[in-house]
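Letter 168 of the sequence shown, counting from 1, is numbered 168 in the UniProt record's numbering, and no numbers are missing. The beta carbon of each residue, even a glycine, is placed where N, CA and C say it ideally should be.
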Amino acid sequence: MGVEIYGSEGSPACRCVFLVARAIGLDYTLKPTNPMAGETRTEEFLRMNPAHTIPTMADDGLFLGESRAIATYLVNKYAPESELYPREPAARAVVEQRLFYDVGLFAALRSVLGALLYFKSPEQFEAALPQVDECMELLETFLKRSPFVAGDHVTVADLAIVANVSTIEAAELDLSRWTRVQRWLAKMKALPYYSVNEAGAQYLGGVFKKALFQARKAKFSAS
Numbered sequence: 001m002g003v004e005i006y007g008s009e010g011s012p013a014c015r016c017v018f019l020v021a022r023a024i025g026l027d028y029t030l031k032p033t034n035p036m037a038g039e040t041r042t043e044e045f046l047r048m049n050p051a052h053t054i055p056t057m058a059d060d061g062l063f064l065g066e067s068r069a070i071a072t073y074l075v076n077k078y079a080p081e082s083e084l085y086p087r088e089p090a091a092r093a094v095v096e097q098r099l100f101y102d103v104g105l106f107a108a109l110r111s112v113l114g115a116l117l118y119f120k121s122p123e124q125f126e127a128a129l130p131q132v133d134e135c136m137e138l139l140e141t142f143l144k145r146s147p148f149v150a151g152d153h154v155t156v157a158d159l160a161i162v163a164n165v166s167t168i169e170a171a172e173l174d175l176s177r178w179t180r181v182q183r184w185l186a187k188m189k190a191l192p193y194y195s196v197n198e199a200g201a202q203y204l205g206g207v208f209k210k211a212l213f214q215a216r217k218a219k220f221s222a223s
């Protein structure tokens with residue numbers, strides 16, 4: 001059957017997996033799955049992933065959730081010599097540290113977006129923004145040391161992080177303070193397989209901007 005990915009193009013976590021698959025030349029089948037419509041809560045889906053999250057991967061009897069676990073699995077199985085996930089222990093450890101950093105980056109992005117989508121609160125949005133700023137400041141520091149986030153070439157860590165940073169950019173949050181981040185983002189966008197990320201980032205950025213506009217409009221109307 002080949003690799004199947006249950007997820008959506010809007011999800012940064014899913015886009016990380018799409019980028020890695022494209023980077024190693026792996027064909028996969030996307031099974032569109034919408035958590036907001038309850039599609040991760042079905043009995044069939046919960047058998048694959050009791051955590052009911054996307055992306056979820058099915059490959060030769062293996063069911064796996066968590067985008068970073070899926071990304072590293074795909075490289076390990078289908079492109080074990082790839083520099084995307086280096087085999088040398090020290091280099092691999094740096095990549096994995098950056099992947100753990102990305103967990104915090106995604107959480108910060110989710111806090112900002114959730115303040116608008118779920119709470120419709122401009123105040124909570126403003127309160128959550130420093131979390132994103134802190135993550136961007138740390139990313140800027142990583143990029144002072146090397147042209148990519150974990151060394152001198154693209155790794156799975158870059159592909160995970162760019163899925164989130166491109167969403168932040170598409171949402172028109174200000175990235176101008178972080179010049180190294182901007183240069184790195186431009187290099188990532190020049191990758192031949194980057195296009196698999198673009199539409200989803202723009203879509204989610206658009207959702208964010210619309211939610212912010214509506215929340216501010218509602219606050220103004222109530223005042």
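Item, Value
"Would you kindly work out how many angstroms separate the C-alpha atoms of A218 and Y193, rounded to a whole number?", "40 Å"
"Give me the Cα-Cα distance between C14 and A157, rounded to the nearest whole angstrom.", "14 Å"
"Excluding five sequence neighbours on each side, which residues of the same chain lie with their C-beta closer than 6 Å to the C-beta of R41?", "H52"
"Are the region 176-190 and the region 145-161 in contact at 8 Å, needing three or more beta carbon pairs?", "yes"
"Please name the residue in F18, T72, L175 and E4 whose C-alpha comes closest to that of P130.", "L175"
"Run through DSSP, which three-state label would Y85 get?", "coil"
"List the endpoints of the continuous alpha helix (DSSP H) containing F18.", "P12 to A23"
"Give every residue of the same chain whose Cβ lies closer than 6 Å to the Cβ of A128, excluding the five residues on either side of it in the sequence, and list them in chain order.", "S111, V112 and A115"
"Is there at least one non-hydrogen atom of the ligand GTP closer than 7 Å to the beta-carbon of E123?", "As far as ligands go, the structure on display features none, and thus does not contain the ligand GTP."
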